[in-house]
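Shown next, in structure tokens, is the structure this report addresses.
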Amino acid sequence: MKDARILVVDDEANIRMLLEEILSEEGYDVTTAENAAAARTARSEQDFELVLLDIWMPDTDGISLLKEWAREGSIGSVVVMSGHGTVDTAIEAIRIGALDFIEKPVSLVKLLRTVEKALAEHTGVRRQLVPPVLAPVGKSEPMQVLREQLTRIAGHDTHTLLTGEPGSGREACARYLASLSDRADAPFVVLKAGGRDDDKAVSLLGDDRGPGALERADGGVLFIGEITDMPSDTQRELLAVLEQGRFRSGGGTELQDLNVRILSSAPPDFEQSTDDFRRELLFHLSVVVVRVPHLRDYLEDVPELLRCNVDMLVD
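Using the working numbering, you'd call the opening residue of the sequence shown number 1 and step up by one each time.
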């Protein structure tokens, strides 16, 4: 629900502005209120999918306002915030009807994760949420372009090739893309392409010992890392599957329809291959090509990347 309406209620102007900026950049429709009176007015004028409510305010504190909404039967989805929070305050807020509690100063990762979780509960959606750290982080032009491109193509159920140097975050981008797609609740299976031919063929198609990656990813997404390193025999098996739209499950004789979106990674120079067969395989897998920039292309985002990773570690 990236277009969800969110009301931020906080008496501190800098906090309101910060939260409005962060949430607006994520695509949410944000309204702010500086006190309980303004919050009442805002809620009377439109419906909100989520309210971020500060506990300590000069006119009416957040707990009292929460109780007021509970009495009226209009509490909705509320996450309370406090810079002086205690366990007792959090327990009381949740007992009254709040969904969650955030301590200030607000952690970016914690904020986005809590908002996404609260909105999922509001809509009755029950799904495994992808941690926000998996989303490409940063305000630089390369990262904005990357986020926009991943978001735009997520809804198109086509095989996608992510190109970039090792360590550029191609698998993370693939997971983020999958989380935005209609296959978000389905399996996400990872297959590393390098290795011996027999190992990879079994890993892809399975054998009598168990299903392979294609079968395990049925209905979902298969990410193939470094597709250009895949042994030639396995490439032939995969190409046959893509051309026929079916494969033999578990190494048996029964044919199974292919219902998998394949996301794969390759180096930036993947098109320079002189192997006609490999080019044919890549043609099938690169219906859409996404270039994932290297860190040196967005050095200005390093501080934000560090903050996000630290937040994730301590959260």
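Quick reminder that beta carbons are idealized off the backbone N, C-alpha and C, glycines included.
Would you call the stretch 158-170 and the stretch 187-194 touching, i.e. three or more CB-CB distances under 8 angstroms?
no
Name the DSSP beta bridge partners of S203, please?
For S203, which the question treats as bridged, DSSP gives no partner whatsoever.
Should F223 be labelled buried (16 or more other beta-carbon atoms within 10 Å of its own) or exposed?
buried
Spatial neighbours of E12 in its chain, beta-carbon cut-off 6 angstroms, leaving aside the 5 residues before and after:
Annotation for E12: no residue places its beta carbon closer than 6 angstroms to its own, counting only its chain and skipping 5 residues before and after.
Tell me, please, which residues DSSP counts as bridged to D59.
Answer is none; D59 lacks a bridge partner.
Just verifying my parser: in three-state terms, what is the DSSP assignment at M81?
Three-state result, M81: strand.
Just the Cα atoms here: how many angstroms apart are R126 and A120?
Low confidence applies here, because R126 scores a pLDDT of 36, under 50, leaving its location unreliable and the question unanswered by this model.
Starting from the C-beta of K67, find all residues in its chain whose C-beta is less than 8 angstroms away, skip the five residues before and the five after it, and write them out in chain order.
Listed in chain order, the non-local C-beta contacts of K67 below 8 angstroms within the same chain comprise I96, local neighbours out to five positions each way being set aside.
Compare the C-alpha of L99 against each of L53, Y28 and D29 and name the closest.
L53
Taking 7 angstroms as the limit between beta carbons, can you name the residues of its chain near E280, skipping five residues before and five after?
L239
Answer with buried or exposed for T41, where buried requires no fewer than 16 other C-beta atoms within 10 angstroms of its C-beta.
exposed
Might you give, ordered along the chain, the residues of its own chain that have their beta carbon closer than 7 angstroms to the beta carbon of L285, omitting 5 neighbours on each side?
H159, L161, I227, I262 and S264
Is the distance from the Cβ of D257 to the Cβ of R246 below 7 angstroms?
Yes, they are a contact pair.
Start and end residues, beta strand (DSSP E) containing R296
That residue, R296, is in no beta strand (DSSP E); it is neither H nor E in DSSP.
What separation, rounded to the nearest whole angstrom, lies between the Cα atoms of I102 and D276?
Near 56 angstroms, if we compare the C-alpha coordinates of D276 and I102.
Measure the alpha-carbon distance for T89 versus S24 and round it to whole angstroms.
So the alpha carbons of these two residues sit roughly 28 angstroms apart.
When you compare only the Cα positions, how much space is there between R147 and V9?
29 angstroms
Within this structure, are the beta carbons of A193 and G225 separated by less than 7 angstroms?
yes
Specify the secondary structure class of R16 as computed by DSSP and reduced to three states.
helix
Could you work out which residue in E26, E92 and A4 is closest to V137 when comparing CA atoms only?
E26
Let me know the secondary structure DSSP gives V260 once reduced to three states.
coil
Going by alpha carbons, who is nearest to L282 out of S232, Y298, R296 and E300?
S232
C-alpha gap between V51 and L177, whole angstroms:
27 angstroms
How is the alpha helix (DSSP H) around D233 delimited, first residue to last?
S232 to Q244
Assuming L65 and A38 are in contact, meaning their beta carbons sit under 8 angstroms apart, how far apart are those beta carbons, in whole angstroms?
About 11 angstroms separates the beta carbons of L65 and A38, which is beyond the 8 angstroms limit, so they are not a contact pair.
D272 classed as buried or exposed, judged by whether at least 16 other C-beta atoms fall within 10 angstroms:
A small fix is needed here, since residue 272 is Gln in this sequence, not Asp. Answer is exposed; the Cβ neighbour count stays below 16.
What's the C-alpha gap between A4 and L180?
15 angstroms
Would DSSP call A186 helix, strand or coil?
coil
Which residues in the same chain as D182 place their Cβ atom closer than 8 angstroms to its Cβ, once the five residues preceding and following it in sequence are excluded?
G155 and D157
Expressed to the nearest angstrom, what Euclidean distance is found between the alpha-carbon atoms of R236 and M230?
10 angstroms
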